[in-house]
Amino acid sequence: MALETARMTEQLELFGCIQCGKCTGGCPVARKTDLNIRALIYHMLIDPDMDVDAHQELWDCTACFTCVERCPKDVQPAELVIALRGELVESGRIPETVGTALMSIFRQGNPSSMARQDRNLWAEGVEDSLERAKDAAQAGCDLLYFVGCIPSYDQRVQPVARALMRVFEKVELDVGALGTEESCCGNEVRRMGEVGLFEMLAEENAELFRGVGAPQMVTTSPHCFNTFKNEYGLDEVETLHYTQLLARLIEEGRLTFDGNVASEDGEKKLVTYHDPCFLGKQNKVFDEPRALLEAIPGVELVEMDRNRERSLCCEGGGGRMWVEGTNLEERLAFQRVEEAADTGAEILAVACPFCLLTLEDAVKVRGLDEKLRVMDIMELVDLALDEGSEE
Amino acid sequence: MDRRATRRKPAALVIGAGIAGIQAALDIADAGFLVYLVDCEPSIGGRMAQLDKTFPTLDCSSCILTPKMVDASQHPNIELMTYSEVTSVERQGDGFQVRVRQKPRYVDVERCRGCGDCAEACRMKGRIVSDFDEGIANRSAIYVPFPQAVPLKYTVDPDACLYLTRGTCGKSFKCKDACPVNAIDFDQEEVMVDLDVSTVIVATGFDLIDPKTKPEYGYGVYPEVMTGIEFERLSDASGPTKGEVLVNGKKPHDVVFIKCVGSRDSHTGVPYCSRVCCMYTAKHAHLVRDKVPDANITVFYMDVRAFGKGYEEFYDRVKRERVTYRRGEPSEVYKHGDKLVVLAEDTTLGKPVEVEADLVVLATAVVPREDIGSVADLLGLERSSDGFFQEADAKLRPVDTNVEDVFVAGCCQSPKDIPDTVSQAKAAASSALRVLVRAREALSSKVRS
Numbered sequence: 000m001a002l003e004t005a006r007m008t009e010q011l012e013l014f015g016c017i018q019c020g021k022c023t024g025g026c027p028v029a030r031k032t033d034l035n036i037r038a039l040i041y042h043m044l045i046d047p048d049m050d051v052d053a054h055q056e057l058w059d060c061t062a063c064f065t066c067v068e069r070c071p072k073d074v075q076p077a078e079l080v081i082a083l084r085g086e087l088v089e090s091g092r093i094p095e096t097v098g099t100a101l102m103s104i105f106r107q108g109n110p111s112s113m114a115r116q117d118r119n120l121w122a123e124g125v126e127d128s129l130e131r132a133k134d135a136a137q138a139g140c141d142l143l144y145f146v147g148c149i150p151s152y153d154q155r156v157q158p159v160a161r162a163l164m165r166v167f168e169k170v171e172l173d174v175g176a177l178g179t180e181e182s183c184c185g186n187e188v189r190r191m192g193e194v195g196l197f198e199m200l201a202e203e204n205a206e207l208f209r210g211v212g213a214p215q216m217v218t219t220s221p222h223c224f225n226t227f228k229n230e231y232g233l234d235e236v237e238t239l240h241y242t243q244l245l246a247r248l249i250e251e252g253r254l255t256f257d258g259n260v261a262s263e264d265g266e267k268k269l270v271t272y273h274d275p276c277f278l279g280k281q282n283k284v285f286d287e288p289r290a291l292l293e294a295i296p297g298v299e300l301v302e303m304d305r306n307r308e309r310s311l312c313c314e315g316g317g318g319r320m321w322v323e324g325t326n327l328e329e330r331l332a333f334q335r336v337e338e339a340a341d342t343g344a345e346i347l348a349v350a351c352p353f354c355l356l357t358l359e360d361a362v363k364v365r366g367l368d369e370k371l372r373v374m375d376i377m378e379l380v381d382l383a384l385d386e387g388s389e390e
Numbered sequence: 000m001d002r003r004a005t006r007r008k009p010a011a012l013v014i015g016a017g018i019a020g021i022q023a024a025l026d027i028a029d030a031g032f033l034v035y036l037v038d039c040e041p042s043i044g045g046r047m048a049q050l051d052k053t054f055p056t057l058d059c060s061s062c063i064l065t066p067k068m069v070d071a072s073q074h075p076n077i078e079l080m081t082y083s084e085v086t087s088v089e090r091q092g093d094g095f096q097v098r099v100r101q102k103p104r105y106v107d108v109e110r111c112r113g114c115g116d117c118a119e120a121c122r123m124k125g126r127i128v129s130d131f132d133e134g135i136a137n138r139s140a141i142y143v144p145f146p147q148a149v150p151l152k153y154t155v156d157p158d159a160c161l162y163l164t165r166g167t168c169g170k171s172f173k174c175k176d177a178c179p180v181n182a183i184d185f186d187q188e189e190v191m192v193d194l195d196v197s198t199v200i201v202a203t204g205f206d207l208i209d210p211k212t213k214p215e216y217g218y219g220v221y222p223e224v225m226t227g228i229e230f231e232r233l234s235d236a237s238g239p240t241k242g243e244v245l246v247n248g249k250k251p252h253d254v255v256f257i258k259c260v261g262s263r264d265s266h267t268g269v270p271y272c273s274r275v276c277c278m279y280t281a282k283h284a285h286l287v288r289d290k291v292p293d294a295n296i297t298v299f300y301m302d303v304r305a306f307g308k309g310y311e312e313f314y315d316r317v318k319r320e321r322v323t324y325r326r327g328e329p330s331e332v333y334k335h336g337d338k339l340v341v342l343a344e345d346t347t348l349g350k351p352v353e354v355e356a357d358l359v360v361l362a363t364a365v366v367p368r369e370d371i372g373s374v375a376d377l378l379g380l381e382r383s384s385d386g387f388f389q390e391a392d393a394k395l396r397p398v399d400t401n402v403e404d405v406f407v408a409g410c411c412q413s414p415k416d417i418p419d420t421v422s423q424a425k426a427a428a429s430s431a432l433r434v435l436v437r438a439r440e441a442l443s444s445k446v447r448s
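Put into structure tokens, the structure is as follows:
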């Protein structure tokens, strides 16, 4: 144990920490729980034998990586959380829900305890497109669409994937998909500390992707996007989040809108945009989602005070979809939807399945549903895609 | 082409007329040698002219600088070449042949008396952002950067003047009509001047990092977030607000200072400590206390480096003036209602804190000047990994460079405060004087033989 943590200290260069506190200062959950990553680093340095079990607040981290982005010394504080979670995972001292999610991923390729053979359920209404895409993946295609677990199984998110499929058809992209062969990307698996499972998933998925051989890959979720782009070593593949792909298609004049999301009297819809951590902070994709939103006829974009690099995490990442954390009462999503409502926007647009779920839930709990609607950008795209497709 | 004939007296070239260049020029000139003091700005004075007070003694910066500026301009051995740029330096024999481009001011400096009637009359009056005032005030297209400018001669800004940018300025030139001595001359052209010198001192100064490289602090988003140098202009009694510290027209009640913005930071490529921020932030806190007696003043810091003579004592004094030092580097600034909120961890408490502010002042990193690369190329100077000019040896040859007879002084070599800058300028002058004395001896032995 002492040996392990001593090695961790070296590997993570914790000795480079100057204890400035910028990590904890910017940590969105430090304000509401006992998680203090700056103090944890210090404890690791002076007491490598510390009892990791006593730090249940490790499960509060959302892996938003604000600490990593802001650390002036490249220490990567969040990686310590991940490493310490790894110790807990290794010895089986983990919340039951985490265990269930990890086991489901291992057995069924998704964290939601759903059957692998049901992975295509999302494609209801676009079955033909999916069949064609599966054939294209076999035959070789220009672009591989990675649907992701939540968009595949969660009824609230499935329309996002379907909308994306309709855009591919409309623009006549040579797109492939993996169908039931698709497995969890492992992004949250790694962040929950289950390195072994992550490595297995990454290896198997990468082999699958190489088999398809598409030069480009596009994802629904910024989480899948992040791990493919930064952790899979897929140097030969250009990985895009869908907002990047669609912004590019619009710029090239290939994607156009025949419809409109404005109200019947022609009044534009006021929309605010929430930057997902894995797209914005961690991968600096700030402009494309905005360009995409602004290209949708009938959308007027209005910014929240905290946007781009200062966007507030929704608290759904880093495995937090499967762990409640130590403070359920003050959810960051509550604060975030209040901020969105303050802009006067009637739509809070997101570009991430987790953000969609956490923020929509918060809107309901806070009684803001009369005022504010949470929508994925793809749902707005879908509404404006064809003439008369409006609500 | 203007050619200054090689004089009987050996000469030195000093590039940059901030406090380092002025001090070096004065020392060399006092020793009896000729100095060409070149600066690209319309006035000498450099960064020090922008400062309000100076730490740790709280002397008014311009009160101690202006006499030196005047001395430099009146010294019989100093030839000021303002609004000028060195365009080439060639080794020639034991010395250098230097070409200087004097940019056209479009004002005849022999005639201009500095009355300012032209600027009053200019159609662009109050519409051009003043660089000297760091954007907190506007000026005319014809201007002096600040009232104590040396020389006190007006200059037409070629990027702002309607006539120079569009070819027309109404029916008649407002500035020309207003000038009582007929000094304005739009036919003026640049003049190339060749100089022969034995030695060169490079004292080109520094820039400050763009605070937008740290987007978490909201600079450029919130007008209430400003840089330290902007605060200097705001606080300066002879500045645009006559020294009143006003934010959105009101005196700030809660003031937060953030140190090390961009410094000691691997993300910005500034691994070093900028050395002056700890002390000028203490000075700023003192100035706020002076001007807003009931203000809540908080300084967030990672470390306090009060290493110079009288510095720790100054820091002690400022703290006792009811300035709260909280340890922790803030992570973010956002807005809540009318107030800014500074997010930080108070590491002494071990707790995240949210501190409200009406004014946030960022102590931004000292960085090499944008044009340091071209100056380096001009002279063949090496630069260290931090981007500043590389001294020949950090300990034992601190003002020498890789080029013989070329010396460095001031913040172009590394960030430093005024006392260190003046010391280094004097060291560079002393090194240059050795070259000049040798040159004089060579000259006289040639005459004798």
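Residue numbers (numbering that gives the first Met the number 0), protein chains in the order written: chain A, 0 to 390; chain B, 0 to 448.
Cβ atoms here follow ideal geometry from the backbone N, Cα and C, with glycine treated the same way.
Predicted model only: the values in this text are computed from it and were never measured.
Classify residue i: buried if its beta carbon has 16 or more other beta carbons within 10 angstroms, exposed otherwise.
i, result
"B/D132", "buried"
"B/N181", "exposed"
"A/A1", "With a pLDDT of 47 at A/A1, under the threshold of 50, the modelled position of this residue cannot be trusted, and the question is left open."
"B/A4", "The pLDDT assigned to B/A4 is 47, lower than 50, so where the model puts this residue is not dependable, and the model offers no usable value."
"A/I45", "exposed"
"A/E12", "exposed"
"B/G15", "buried"
"B/E109", "exposed"
"A/L327", "exposed"
"A/L248", "buried"
"B/V97", "buried"
With a threshold of 8 Å between beta carbons, is residue i in contact with chain B?
i, result
"A/E308", "yes"
"A/C19", "yes"
"A/L23", "Correcting the residue type first, residue 23 of chain A is Thr in the shown sequence and not Leu. So yes, A/T23 belongs to the interface."
"A/N229", "no"
Which chain A residues sit within Cβ distance under 7 Å of residue i?
i, result
"B/D264", "P71"
"B/M47", "Here the premise fails: no neighbours, minimum Cβ distance about 29 Å."
At least one CB of chain A closer than 8 Å to the CB of residue i: is that the case?
i, result
"B/T346", "yes"
"B/M225", "no"
"B/S330", "yes"
"B/M123", "no"
"B/M68", "no"
"B/M301", "yes"
Can you pull the chain B neighbours of residue i, defined as C-beta to C-beta under 9 Å?
i, result
"A/R37", "G327, E344, T346 and G349"
Note down, in chain order, every chain B residue with its Cβ under 7 Å from the Cβ of residue i.
i, result
"A/R30", "P351"
"A/D304", "Y333 and K334"
What does residue i reach in chain A if we use C-beta pairs closer than 8 Å?
i, result
"B/C215", "Note that residue 215 of chain B corresponds to Glu in the displayed sequence, not to Cys. Correct list: G25, R69, E308 and R309."
Round the Cβ separation of residue i and residue j to the nearest angstrom and send it over; I've been treating them as touching at under 8 Å.
i, j, result
"B/A19", "B/G386", "Actually they are not in contact, since the Cβ atoms of B/A19 and B/G386 sit about 18 Å apart, beyond 8 Å."
"B/A23", "B/A428", "4 Å"
"A/V217", "A/L244", "5 Å"
"A/L347", "A/L371", "6 Å"
"B/Y142", "B/Y153", "7 Å"
"A/V270", "A/V298", "5 Å"
I'd like to know if the segment 39 to 47 of chain A and the segment 357 to 371 of chain B are in contact, where contact means that at least 3 CB-CB pairs between them fall below 8 Å. Contact between the segment 39 to 47 of chain A and the segment 357 to 371 of chain B is absent, with fewer than three C-beta pairs closer than 8 Å.
Counting pairs of beta carbons, one from the segment 186 to 200 of chain A and one from the segment 152 to 167 of chain A, are three or more of them closer than 8 Å? Verdict: no, contact absent.
I'd like to know if the segment 385 to 404 of chain B and the segment 278 to 294 of chain B are in contact, where contact means that at least 3 CB-CB pairs between them fall below 8 Å. By the C-beta criterion, the segment 385 to 404 of chain B is judged not to be in contact with the segment 278 to 294 of chain B, since fewer than 3 inter-stretch pairs fall below 8 Å.
Should the segment 215 to 234 of chain B be regarded as contacting the segment 334 to 353 of chain B, the criterion being three or more beta carbon pairs within less than 8 Å? At 8 Å Cβ cutoff, the stretches touch.
On the three-pair Cβ rule with 8 Å, is the segment 196 to 210 of chain B touching the segment 413 to 433 of chain B? Segments in contact, yes.
If we count Cβ pairs, one from each stretch, closer than 8 Å, do we get three or more for the segment 310 to 319 of chain A versus the segment 330 to 342 of chain A? The answer is yes - the segment 330 to 342 of chain A touches the segment 310 to 319 of chain A, with three or more Cβ pairs under 8 Å.
Is there contact between the segment 168 to 176 of chain B and the segment 120 to 127 of chain B, where contact requires at least three CB pairs shorter than 8 Å? When C-beta atoms of the segment 168 to 176 of chain B are compared with those of the segment 120 to 127 of chain B, three or more pairs fall below 8 Å, so the two segments count as touching.
Does the pairing of the segment 198 to 210 of chain A with the segment 256 to 269 of chain A give three or more beta-carbon distances under 8 Å? Fewer than three pairs of CB atoms, one per stretch, sit closer than 8 Å, so the segment 198 to 210 of chain A makes no contact with the segment 256 to 269 of chain A.
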